[in-house]
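First up is the structure itself, then whatever we jot down about it.
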Amino acid sequence: MALIRKYLLSTSFAVLVAVASASVMTTGQPAAASEIKYLVNNAPITSYDIQRRAAFLRLQNRNGNLNKLAADEMIEQSLRMAETRRLGIKISDQQIEDAFKRFAGSNKMTPKQLGEIMQQSGVTPEHFKQFIGAQMAWNQALQARYRAQGGSMSEQDVVRRMLEQGGSKPTATEYMLQQVIFVVPQKERGKMGARKREAESMRARFNGCNTTREFAKGLLDVTVRDLGRLLAPELPPEWADQIKKTKAGGATTVRETERGVEFIGVCSSREVSDDQVAKMVFQAEGTKDDQAEQLNKKYIAELRERARIVER
């Protein structure tokens, strides 16, 4: 997650600046007329795409020729999206919406307020969400490339490096988790409200993982999954904060997902310390950022070399 975390942190600061700056907030909307400026392997990049990215760069307080920078970024985004499609990497609309909500919350805003800022600054919420989805997919592509190149340190190597840097072997919380899904097919999304009330009722009675399946027996289309043991750095990003706030024997709040309505039960939690934990914590703290950035540059250079980029 190093790259996406870095990009969103820089944007986070810019949005806060934008909130306080009337001049940014009153930036005009891009013109409606649009023409194709580039073809990247026959995929078009329009003047409107470039205008929105330039507005995004302005929101980040970037300097220089913003139109040129925006064009370069859109070309790279097109290359990345094509590569992630080739690899079969898919980011759902719900994952993007969840990331948008988390980003708004981290800036003490509602999603609606963030959307208004994006709209008024000329970026538009749609462009920002496209950016988020592309970054999330690209992060997975980088991780796959890193693993394929054997880019992994052993647990022992990580512990030795941590000790050399004056640290101590860290601990992490290990969770035993259970996922409860009230399934809602796409064609029946109108039933989400009723299903959410069912899920809330079951969550209110949740008092540990031993009785979950018994509670679910009389309910229609409810799936209970044992997720097993997960260390804190391994928790799914969309659930991590809720899980960490939930005591053993309790359950997270109910949330809507692409599958329907869900909550996570925390069967147990405990502090553990071993070489595997040290490796995860070491990597989660961003030690690999430089390596990831170098890999990103090399990967993009390869894609550019193979690509057919035509300026119109």
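Going from the sequence shown to the numbering used here is simple: count from 1 and add 51.
Cβ atoms here follow ideal geometry from the backbone N, Cα and C, with glycine treated the same way.
These numbers come from a predicted model, not from an experiment.
Where does the unbroken beta strand (DSSP E) through residue i begin, and where does it stop?
{"i": "Pro95", "result": "94-97"}
{"i": "Asp277", "result": "273-282"}
{"i": "Ile232", "result": "223-234"}
{"i": "Glu362", "result": "360-362"}
{"i": "Ile87", "result": "87-91"}
How would you label residue i, buried or exposed, when you count the other beta carbons within 10 angstroms and need 16 or more for buried?
{"i": "Thr263", "result": "buried"}
{"i": "Val361", "result": "exposed"}
{"i": "Ser143", "result": "exposed"}
{"i": "Arg355", "result": "exposed"}
{"i": "Glu353", "result": "exposed"}
{"i": "Gly307", "result": "Correcting the residue identity first, residue 307 is Glu in this sequence and not Gly. With 16 or more Cβ atoms within 10 Å of its Cβ, Glu307 is classed as buried."}
{"i": "Glu265", "result": "exposed"}
{"i": "Ala255", "result": "exposed"}
{"i": "Ala250", "result": "buried"}
{"i": "Asn92", "result": "exposed"}
{"i": "Ala223", "result": "buried"}
{"i": "Asn116", "result": "exposed"}
{"i": "Phe333", "result": "Any reading at Phe333 needs caution, since the residue's pLDDT is 49, under 50, leaving its predicted position unreliable; the model's value is listed next. Buried, because 16 or more other Cβ atoms sit within 10 Å of the Cβ of Phe333."}
{"i": "Ser157", "result": "exposed"}
{"i": "Gly166", "result": "buried"}
{"i": "Leu193", "result": "buried"}
Out of curiosity, what's the CA-to-CA distance linking residue i and residue j?
{"i": "His178", "j": "Met160", "result": "18 angstroms"}
{"i": "Lys349", "j": "Asn190", "result": "14 angstroms"}
{"i": "Phe182", "j": "Asn261", "result": "42 angstroms"}
{"i": "Thr77", "j": "Ile101", "result": "With a pLDDT of 40 at Thr77, under the threshold of 50, the predicted position of this residue should be treated as unreliable, though the coordinate-derived value follows. If I take the Cα positions, the gap works out to 19 angstroms."}
{"i": "Gln230", "j": "Pro162", "result": "26 angstroms"}
{"i": "Phe257", "j": "Pro236", "result": "25 angstroms"}
{"i": "Val317", "j": "Gly301", "result": "6 angstroms"}
{"i": "Val305", "j": "Tyr197", "result": "35 angstroms"}
{"i": "Lys141", "j": "Ala185", "result": "10 angstroms"}
{"i": "Asp292", "j": "Ser172", "result": "30 angstroms"}
{"i": "Ile294", "j": "Ala121", "result": "38 angstroms"}
{"i": "Pro95", "j": "Arg109", "result": "23 angstroms"}
{"i": "Val275", "j": "Arg153", "result": "26 angstroms"}
{"i": "Gln146", "j": "Gly311", "result": "13 angstroms"}
{"i": "Ala267", "j": "Val234", "result": "12 angstroms"}
{"i": "Ile168", "j": "Lys180", "result": "13 angstroms"}
{"i": "Leu138", "j": "Thr297", "result": "36 angstroms"}
Let me check understanding here. Comparing Cα to Cα, which of the options lies closest to residue i?
{"i": "Glu289", "options": "Asp149, Arg363, Met132", "result": "Asp149"}
{"i": "Ala195", "options": "Lys268, Gln230, Tyr226, Glu134", "result": "Glu134"}
{"i": "Thr303", "options": "Gly259, Val323, Glu344, Glu309", "result": "Gly259"}
{"i": "Lys88", "options": "Asn114, Ala106, Asn112, Met125", "result": "Met125"}
{"i": "Ser320", "options": "Arg280, Asp292, Arg359", "result": "Arg280"}
{"i": "Phe314", "options": "Glu322, Pro287, Glu127", "result": "Pro287"}
{"i": "Ser98", "options": "Asn92, Asp123, Arg113", "result": "Asp123"}
{"i": "Glu322", "options": "Leu282, Gln345, Val312", "result": "Leu282"}
{"i": "Gly269", "options": "Met187, Ser157, Met253", "result": "Met253"}
{"i": "Tyr226", "options": "Asn158, Met169, Glu285", "result": "Glu285"}
{"i": "Ile346", "options": "Ala199, Glu239, Ile232", "result": "Here the sequence assigns Leu to residue 346, which means Ile is not the residue at that position. Nearest of Ala199, Glu239, Ile232 to Leu346, Cα basis: Ala199."}
Along the chain, where does the alpha helix (DSSP H) that runs through residue i open and close?
{"i": "Gly184", "result": "176-199"}
{"i": "Lys296", "result": "288-296"}
{"i": "Arg310", "result": "Careful: Arg310 lies outside any alpha helix (DSSP H) and carries neither H nor E."}
{"i": "Met243", "result": "243-256"}
{"i": "Glu148", "result": "144-157"}
{"i": "Gly166", "result": "162-171"}
{"i": "Arg113", "result": "Where Arg113 is concerned, there is no enclosing alpha helix (DSSP H), given that its DSSP letter is neither H nor E."}
{"i": "Arg264", "result": "263-267"}
With a threshold of 8 angstroms (Cβ to nearest heavy atom), would residue i be considered close to the ligand HEM?
{"i": "Glu362", "result": "What this structure holds is no ligand at all, so the ligand HEM is not there to describe."}
Does any residue of chain B bring its CB to less than 9 angstroms from the CB of residue i?
{"i": "Leu120", "result": "No chain B appears in this structure, which consists of one protein chain only."}
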